[in-house]
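This report refers to the structure that appears directly beneath it.
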Amino acid sequence: MSYGPPSGPPGAPPPGFHPGSGYPGGPPPGWAGPPAQMGPPPVMSPPPGQGPGGPVLATSSVVADTTGVYEGAQYRIDHRDSNSILQITLQQGYQIKSRPGAMVAMSASVQIKGSMKISLSKMITGGEMSESKYTGPGEVILAPEVWGDIVPIQIQPNTSWSVGKDAYLACTANVTRSTKSQGFMKGLMSGEGFFVARVEGQGVLFVQSLGAIVRRDLRPGEEWIVDNGHLVAWSASYTMERIQTTGGGFLSGSHTGEGAVCRFRGPGTVYLQTRNPQSLGQWIAAQVPRQG
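Residue numbers (UniProt numbering): 1 to 292.
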């Protein structure tokens, strides 16, 4: 038996080839060729507000801003969200303010000055009566006293913010702080005392927390209830109320099945912290061995 190339003119199919006859590469009977356009099947997207695992709360989020520039200050927040530090680079003559004791390090070219503000409300509440001022050029590094996060809040002239008693860290030069009365019931139940810090002006406010910081933007008329030990800063109005808990006390300072909460009402924004200082203090005390 001998083997050789198939007979026939060049380019002709081998003998016995018939389209659709089963010859390798031959089209099946009736095949009209590939369609004009071919692509992957369509991807079905979930409806708005839904994710693969269910509803998505788009208005509740952990704030992720880490860098920014405002006038003569450039800032960066590193090591978020439990060991955050605030690094601010100041241009010549530009100034920032911070709570006392917040400075970690600074350039030798930065000038630091302390100032004291005395008011009846601060004397009554034991609030901070002084602040540190830093004047550039150079870099300043600030940090909270405990592990937690730092968040920048843009302060506009037409909006005032309330800040928790331990939440203020620093602010730019044209942001002002004062104290305002909450009224008897709010002061008694809110966990913030009878006076809270009121922040106004224009610039950037830096707040600190215990744990991470969560932001909630409220639509007009929308209500949101926050345990009173988790407040950081807010621009929405709120009322205090007591609610009954099931099976004992699970809210701040609640040991009798009844706890105090803040009912916020939009429009406005609320920043809260994921850890409660009072609850943390109680937990630490419980871990310390008792003497005797």
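Cβ atoms here follow ideal geometry from the backbone N, Cα and C, with glycine treated the same way. Quick caveat: nothing in here was measured; it's all calculated off a predicted structure.
*Sequence-distant residues of its chain with Cβ nearer than 6 Å to residue 296 (five each side left out)*: The question about residue 296 has no answer, for the chain in this structure spans 1 to 292.
Where does L205 fall in DSSP's three states? strand
Strand pairing of E223, partner residues [DSSP] = R265
**Report entry** Close beta carbons around A108, own chain, < 8 Å, minus the five adjacent residues each side
**Finding:** G138
Worksheet item: Could you give the distance in angstroms between the alpha-carbon of L210 and the alpha-carbon of T176?
Response: 24 Å
Tell me whether P267 is buried or exposed, calling it buried when 16 or more other Cβ atoms sit within 10 Å of its Cβ.
exposed
Residue environment, N158, which counts as buried when at least 16 other CB atoms sit within 10 Å = exposed
TODO: Under 8 Å by Cβ, that's how I've got Y168 and V207 pegged, so tell me the actual separation to the nearest angstrom.
DONE: 7 Å
Just tell me which of S130, G114, E71 and P152 has its CA closest to the CA of L86. P152
query: Going by beta carbon distance, what residues of the same chain come within less than 7 Å of S178, once the five residues before and after it are set aside?
result: R198
Grab me the residues of I225's own chain with a C-beta within less than 6 Å of its C-beta, minus the 5 sequence neighbours each way, in chain order. V261 and R263
Coarse secondary structure for S279, derived from DSSP in three states
helix
Q. Could you give the distance in angstroms between the alpha-carbon of A105 and the alpha-carbon of G164?
A. 25 Å
**Prompt:** Taking the Cβ atom as the reference point for each residue, do Q156 and Q92 lie within a distance shorter than 9 Å?
**Reply:** no
- Query: What's the C-alpha gap between I124 and S130?
  - Reply: Summary for I124: the model assigns pLDDT 45, below 50, so the residue's position carries little reliability, and this model does not support an answer.
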